[in-house]
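Numbering (the working numbering), first residue to last: 91 to 318.
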Ligand code: 5RP
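Here it is as structure tokens:
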């Protein structure tokens, strides 16, 4: 199976999992990326399920555009209040369901919606599962005027930050992709990065990991729950 087919299988599995749990008036959080695009397309075909939704909240302008094009209501998180489920992909996941996200530059809104969600369902193909986070360069969203300052502070932590050229986030900020960070203690690193002045958000999802990881492989979709 191609990586794209695997992503689609993970997306379908997420819909199947949530379908019986979504009550009338539910709010669905929608992430960003190629795996989520499959989820949006599947959601578009589910009339009954859509009729039960009060609306969706989206982690990016791109996903919002796709949802609206299918006639799916997109709400402001301030209006929506609590989010019942948040569905999103990941760039990396470990067995604790801690994640690296932000390959699509949407990490800040993704972290906000994940924080507001009752349940975070992460969907991915099995290539995203790693023993230790950090193979994928860690995205960090920075205020533009602070980029060099933040880069120096990250270098002092042992990372090698690379400016993602030509990318402006939906919030008007820039992205540093950080290579070679030691992420054996990802919780500590998430906090340290957050403390640097000028950092808006970093792509470690450790304080708020996923609740369920649906991982598609050639032999089907596996469900991973956090190991205790
Ligand atoms: C966007 C993200 C995505 O979830 C992540 O990049 C995975 O993308 P894809 O589903 O295309 O592999 O964090 O900011």
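Glycine included, each C-beta is placed from N, C-alpha and C at the ideal position.
Counted within 10 angstroms of its Cβ, other Cβ atoms place residue 108 as buried (16 or more) or exposed: For the purposes of this step, residue 108 is taken as residue 18 along the chain shown, with counting starting at 1. Counting Cβ neighbours within 10 Å, residue 108 comes out buried, since at least 16 surround it.
**Message:** Once DSSP output is grouped into helix, strand and coil, what is the label at residue 236?
**Reply:** Taking the first residue of the chain shown as position 1, residue 236 is located at position 146. Here DSSP, grouped into helix, strand and coil, assigns residue 236 to helix.
Q) Using 8 Å as the Cβ pair cut-off and three pairs as the minimum, do the stretch 180–190 and the stretch 210–221 touch? A) Contact annotation: the stretch 180–190 touches the stretch 210–221, with at least three C-beta pairs closer than 8 Å.
field: Cβ pair residue 122, residue 231 closer than 9 Å
entry: Translated into the one-based positions of the chain shown, residue 122 becomes position 32. Translated into the one-based positions of the chain shown, residue 231 becomes position 141. Result no, Cβ atoms of residue 122 and residue 231 do not sit closer than 9 Å.
Write down every uninterrupted run of the beta strand (DSSP E) in the stretch 95–119 whose length is 3 residues or greater and which is fully enclosed by it, in chain order.
-> The DSSP assignment places no complete run of the beta strand (DSSP E) inside the stretch 95–119 (cut-off: 3 residues).
Examine the ligand 5RP and report whether any of its heavy atoms sits within less than 8 Å of the Cβ of residue 113.
-> In the chain shown, the residue the question calls residue 113 occupies position 23. Not one heavy atom of the ligand 5RP lies closer than 8 Å to the C-beta of residue 113.
Checklist entry - If we ignore side chains and look at the alpha-carbon of each, how far apart do residue 315 and residue 163 end up? => result Here residue 315 corresponds to residue number 225 of the chain shown, with the count starting at 1. Here residue 163 corresponds to residue number 73 of the chain shown, with the count starting at 1. Rounded to the nearest angstrom, the two C-alpha atoms are 30 Å apart.
Margin query: Relative to the C-alpha of residue 283, which candidate in 105, 313, 239 and 261 has its C-alpha closest?
Written below: Reading the chain shown from its first residue, position 193 is the one you call residue 283. When each option's Cα is compared against that of residue 283, the closest is 239.
Worksheet item: With respect to the alpha helix (DSSP H) encompassing residue 227, which residues constitute its N-terminal and C-terminal limits?
Response: Your numbering for residue 227 matches position 137 in the chain shown. Boundaries cannot be given for residue 227, as no alpha helix (DSSP H) includes it and DSSP labels it neither H nor E.
Check whether the stretch 171–180 touches the stretch 113–129, counting contact only when three or more Cβ pairs, one atom from each stretch, lie closer than 8 Å. Result yes; three or more Cβ-Cβ pairs closer than 8 Å.
Would you check whether the ligand 5RP has a heavy atom nearer than 8 Å to the C-beta of residue 260?
By 1-based counting over the chain shown, the position of residue 260 is 170. False, no ligand heavy atom lies under 8 Å from that Cβ.
Excluding five sequence neighbours on each side, which residues of the same chain lie with their C-beta closer than 6 Å to the C-beta of residue 319? The first residue shown for the chain is 91 and the last is 318, placing residue 319 beyond what the model contains.
If you check the beta carbons only, do residue 214 and residue 305 fall under 9 Å apart? Translated into the one-based positions of the chain shown, residue 214 becomes position 124. Translated into the one-based positions of the chain shown, residue 305 becomes position 215. A contact, by the Cβ cut-off of 9 Å.
Report the rounded CA-to-CA distance for residue 110 versus residue 103, giving the unit in angstroms. By 1-based counting over the chain shown, the position of residue 110 is 20. By 1-based counting over the chain shown, the position of residue 103 is 13. Taking the straight line joining both Cα atoms gives about 12 Å.
*Looking at the structure shown, is residue 200 part of a helix, part of a strand, or coil, going by DSSP?*
Position 110 of the chain shown, counting from 1, holds the residue named residue 200. Helix, per DSSP.
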